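Line by line, the protein sequences give chains A and B. Residue numbers -2 to 252, in our numbering, belong to the letters of the first sequence in order. Residue numbers 4 to 310, in our numbering, belong to the letters of the second sequence in order. The beta carbon of each residue, even a glycine, is placed where N, CA and C say it ideally should be. As the structure is a prediction and not an experimental result, all values here were calculated from the model. Single-structure report; data block below.
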Amino acid sequence: MTFSLPHALAVWRRNAAMYGRTWMYNLLPNFFEPVLYLVAIGLGVGAYVSEMAGMSYAEFLAPGLVCVAAMNGASFEVTYNIYVRLTFDKAYDAMLTTPIGPDEVLAGEVLWAMTRASIYGGCFFLVLVLWGLAPMPSAILALPSILLSGLLFAALGIAFTLRVPSIDLFSFYFTLFLTPLFLFSDVFFPLEERLAGAWLWVAELLPLLHPVRIARCAFRGEFRAIILWDVVYLLGLSTALLWWSRSAVRERLMS
Amino acid sequence: MIVRAQGVSKKFDQHLAVEDLDLEIPHGSCFGLLGPNGAGKTTTLRMIYGATAPTSGCIKVFDIDVAKQPRSVRARLGVTLQHNVMIDVLTPIDNLRVFGRYHLLREPELSKRIDYLVDFLELRSHADMPVINLSGGFQRRLAIAMSLMNDPELLILDEPTTGLDPAVRLALWSKIRDLRTAGTTVLITTHYMDEAQRLCDRVAVMAEGKIIAEGAPSDLIATHLKQEAIEIDCDPSEEKKLLALLPNTARTMRAAGRLVIYVDEATELLSSIDAVSKDDRHSRVIRPTNLEDLFLHLTGTQLEGGA
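Given below as C-alpha cells:
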C-alpha cells in the first residue's frame, strides 16, 4: 500500500480537533515551564553570574530553553497521549476501519507532535522576542531547530511508547532520559568549557545538544560548520527511529 | 458476492483463532456471524476489512483481495466496532466531521452527509453536546452514524446492541433494516440469538474458530430441532420420572440447572408433566425453539449473555 499524505493529515486533524477543545489546559503548563526557568535561573541565578560564554546568563539560557519547550511539547504528545489513544481510546482501531493504514497513523502522529512542539517552542520564542532576549532578525533562524527538536523527540518518544508495557514506565522516560538531557545538553552551561576533549565526543550522542547548538548559533548571528553535523544527526536519527517504528506500529495495530 | 473467504485461518502464537473458514456473503443480504465470546467472530471481521492479515487463505471483498489492497476495500465499507471509539470532549457533529475526514470527505459534501446521518439516526436533539454526556444508546447510534459516513456498500456491525436497553435495540434493528432495504449489504456479529433471527437472511454459527452450521435461521432450526421447547427447573429424581413420560422422538438437554425438552407438540405433554410435579411450576416455560437452542444443540455449551 503506497503512502497517502491526505490520510496522514486526516489523523493530524483528528488530534487538532481534540486539542482545539482542550488547548487551554494543555498549553498553559507547558508554556509556563520554560518561562519559570528563565526567570528563576536566568534572572535569579544569572544575577550572580557576570557572563557565560561571552554573554549575560539570560541570553545564554534563552535559545536552549526554546528547544526544551519544543522537546517537552513533542514528548508529552507521543508518550502519554499516544499511549492513551492506543490502549484506552482505541482510536487507531477505528482509523484502521477506514482507508487509513499504519504508515499514515505514524506520519499523522509525528506531524502532530511537531505541531505541538512548534506551538510550545513558538510561544516561548515570542516571549523572548518581547523580552528582548532574541536578537532580530538572526534569531528567526532558530525556528527550524524547533521543528527539528519536535521531529527527533517525536521519533524517540514513539519508539519508546510502542514498546513500553505499562503507562507507569513513562516516568522513567521523563526522569531518567529527558531530565538528564535537559540538564546536560548545553542549555545551562557550555559543555565545551566543562568537558575534557574525549568526553566531548561522547556528549555528541546527546539528542538535545544538537538543536540547542543550532538555536544558539542563530541567536548569536554566527554560522559554525558543526551545525551541518547537527542537522545530519537530527534528520538521520529521526529517520532511523521512525523506520524502526514502522514495523512496531504495524505489529501493535494489526496483530 | 460482496465477501468471499476461502480457506481462511488465523493463528496467534500457538492459538488458532480462526480455522479453515469459508464464507460467502451475497450482495444486499444480511449475514449473521453467531457464537460465544472467543469464537473468532471479531478476528474474522478484522480480516475481512483488512485490519489483520490471515495466516493462510484468501479474502476478497468487492472482488478485491483485501490483503493486497486494503485501502480500496475500506473506502467502500463501514465498520461499527464492538466498543464505541469517539472523542469524548467533542460533540456528535464534530466526531462525525473527524471521521468523515478519514474518508477524505470535503465541504460541502461533509456537512451534507453529517446532516443526513444526524437525522437518519435521530441524533439531532443531542448533536451539540459533548459525547461524554450522552447515554449508551445515543453513543451507539453515533458509532453507527460514523461508520456510515462514506455511504458504505458493506456495513459491518460487531455486536451492535450488546448492553443496550430493549427500546434502543428495537430502534437500532429498524435502522439496520432500513439500510438493507436501501441496498446495503450487512454483516453482523452477535451473541443474541433473537437479534440474528430478526435481522439475518443467513447465519453462520461459529465455535472455537470454526463454522459449525450455516443457513437461513428458520431452516437451521427446522433441520436440527423440534418445533417447541419446554423449560423446567427440576431435581434429578423428578427428571427421571419426567423422562419416562416422554415420547421417543423428544430430545432433552440440561442447561444451567434447567431441563429443556424439545417436542413438536408441547401441550399434549403438559398434563403429564404437571402430574409429576408437586408445585405449581411457575418456572415452567413453553416457547418456540430458537437459535439459542440450536447453538446449545450444536455445541452443548451455554451462550454467554444469550437472550
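- Task: Could you check how far apart the C-beta atoms of Leu188 of chain A and Leu197 of chain A are, in whole angstroms? I think they sit under 8 Å.
- Result: 7 Å between Cβ atoms; contact.
- Message: Using a 10 Å radius around the Cβ and a threshold of 16 neighbouring Cβ atoms, would you call Ser243 of chain B buried or exposed?
- Response: Correcting the residue identity first, residue 243 of chain B is Lys in this sequence and not Ser. With fewer than 16 other Cβ atoms inside 10 Å of its own Cβ, Lys243 of chain B counts as exposed.
- Task: Going by CA-CA distance only, name the one from A:Phe220, A:Ser242, A:Pro208 and A:Leu238 that's closest to Val228 of chain A.
- Result: The shortest C-alpha to C-alpha distance from Val228 of chain A to any of A:Phe220, A:Ser242, A:Pro208 and A:Leu238 is the one to A:Pro208.
- In the DSSP assignment, find the beta strand (DSSP E) that holds Pro162 of chain A and state where it starts and stops. Counting along the chain, Pro162 of chain A falls outside any beta strand (DSSP E), and DSSP gives it neither H nor E.
- Message: I want to verify the contact list: residues of chain A whose CB lies under 8 Å from the CB of Thr55 of chain B, in sequence order.
- Response: Counting only Cβ-Cβ distances below 8 Å, Thr55 of chain B has contacts in chain A at Met251 and Ser252, in chain order.
- Item | Bridge partner(s) assigned by DSSP for Pro60 of chain A | Bridge partners of Pro60 of chain A according to DSSP: none are assigned.
- Item | Euclidean distance between Cα positions of Leu103 of chain A and Asp161 of chain B | Between Leu103 of chain A and Asp161 of chain B, the C-alpha separation is close to 26 Å.
- Item | Whole-angstrom distance between Thr55 of chain B and Ala8 of chain B, CA atom to CA atom | The alpha-carbon of Ala8 of chain B is positioned some 14 Å away from that of Thr55 of chain B.
- Task: Report the neighbours of Tyr52 of chain B on chain A: residues whose CB is nearer than 7 Å to its CB, in chain order.
- Result: At a C-beta separation below 7 Å, Tyr52 of chain B has these neighbours in chain A: Thr94.
- Coil, strand or helix - Tyr105 of chain B by DSSP: In the three-state scheme derived from DSSP, where H, G and I count as helix and E and B as strand, Tyr105 of chain B is classed as helix.
- Where Asp86 of chain A meets chain B, residues with beta-carbon distance less than 7 Å: Those within 7 Å of Asp86 of chain A in chain B are Val88.
- Test: Ala7 of chain A CB closer than 8 Å to a CB of chain B: It does; some Cβ of chain B falls within 8 Å.
- Message: At the 8 Å Cβ level, is Asp90 of chain A part of the contact set with chain B, yes or no?
- Response: Put simply, the CB of Asp90 of chain A is near chain B, with a gap under 8 Å to one of its CB atoms.
- Task: Would you please verify whether the beta carbon of Thr19 of chain A is less than 8 Å from any beta carbon of chain B?
- Result: Yes, contact with chain B.
- For the stretch 165 to 195 of chain B, enumerate the residues whose C-beta is nearer than 7 Å to any C-beta of chain A, in chain order. Going along the stretch 165 to 195 of chain B in chain order, one finds no residue with a Cβ nearer than 7 Å to chain A.
- Do the CB positions of Ser135 of chain A and Gly218 of chain A come within less than 8 Å of each other? Annotated as proximal: Ser135 of chain A and Gly218 of chain A, with beta-carbon spacing under 8 Å.
- Message: In this structure, how does DSSP classify Met15 of chain A when only helix, strand and coil are distinguished?
- Response: Assignment of Met15 of chain A by DSSP, reduced to helix, strand and coil, places it in the helix class.
- Message: Please list the terminal residues of the continuous beta strand (DSSP E) segment that includes Phe141 of chain B.
- Response: That residue, Phe141 of chain B, is in no beta strand (DSSP E); its alpha helix (DSSP H) goes Gly139 to Ser150.
- Give the range of the alpha helix (DSSP H) segment to which Pro208 of chain A is assigned. Taken as a continuous stretch (DSSP letters only), the alpha helix (DSSP H) holding Pro208 of chain A covers Leu206 to Arg217.
- Determine the DSSP secondary structure at Cys61 of chain B, reduced to helix, strand or coil. Correct three-state label for Cys61 of chain B: strand.
- Item | Spatially closest choice to Leu148 of chain A from A:Ala200, A:Leu234, A:Phe220 and A:Arg160, by CA coordinates | Looking from the CA of Leu148 of chain A, the closest CA among A:Ala200, A:Leu234, A:Phe220 and A:Arg160 belongs to A:Leu234.
- Task: Keeping to the same chain, check which residues put their C-beta closer than 6 Å to that of Gly308 of chain B; ignore five residues upstream and five downstream.
- Result: Its pLDDT being 36, under 50, Gly308 of chain B is placed unreliably by the model, and nothing is read from it.
- Using three-state DSSP, classify Phe28 of chain A as helix, strand or coil. The DSSP-derived three-state label of Phe28 of chain A is helix.
- Item | Thr188 of chain B, DSSP secondary structure in three states | Taken through DSSP and simplified to helix, strand or coil, Thr188 of chain B comes out as strand.
- Within 8 Å, strictly: CB atoms of Leu137 of chain B and Leu36 of chain B: With contacts defined by Cβ atoms closer than 8 Å, Leu137 of chain B and Leu36 of chain B do not form a contacting pair.
- Can you pull the DSSP bridge partners for Val6 of chain B? B:Ile28 and B:Val64.
- Task: Quick one: measure Cβ to Cβ for Met89 of chain B and Leu145 of chain B, integer angstroms, because I've assumed they're closer than 8 Å.
- Result: Right, the Cβ-Cβ distance comes to about 6 Å (below 8 Å), so this counts as a contact.
- Item | Proximal residues to Gln230 of chain B (C-beta, below 7 Å), its chain only, five neighbours per side dropped | Here Gln230 of chain B has Asp267, Pro291 and Thr292 as same chain residues with Cβ atoms under 7 Å from its own Cβ, once five neighbours each way along the sequence are excluded.
- Message: Quick check: Ala94 of chain B and Ala130 of chain B, are their CB atoms within less than 8 Å of each other?
- Response: This sequence places Thr at residue 94 of chain B; Ala is not what is there. Yes, the pair counts as a contact, with Cβ atoms nearer than the cut-off.
- Going straight from the alpha carbon of Arg100 of chain B to that of Leu108 of chain B, what length do you get? The C-alpha of Arg100 of chain B lies about 9 Å from the C-alpha of Leu108 of chain B.
- Are three or more beta carbon pairs between the stretch 210 to 220 of chain B and the stretch 11 to 28 of chain B nearer than 8 Å? Yes, they touch.
- Check Asp222 of chain B in the structure and name its three-state DSSP category. Secondary structure of Asp222 of chain B (DSSP, three-state): helix.
- Under the three-state reduction of DSSP, which class applies to Tyr117 of chain A: helix, strand or coil? Three-state result, Tyr117 of chain A: helix.
- Query: Phe15 of chain B by DSSP, collapsed to three states: which one?
  - Reply: Strand, per DSSP.
- Message: Between His106 of chain B and chain A, is the shortest Cβ-Cβ distance under 8 Å, so that the two count as touching?
- Response: Taking Cβ atoms only, chain A reaches closer than 8 Å to His106 of chain B, which makes this a yes.
- Query: Taking a cut of 7 Å between CB atoms, which residues from the stretch 64 to 95 of chain B lie near chain A?
  - Reply: Identification of residues in the stretch 64 to 95 of chain B having a C-beta nearer than 7 Å to some C-beta of chain A yields Pro73, Arg74, Arg77, Ala78, Val82, Leu84, His86, Val88, Ile90, Val92 and Leu93, given in sequence order.
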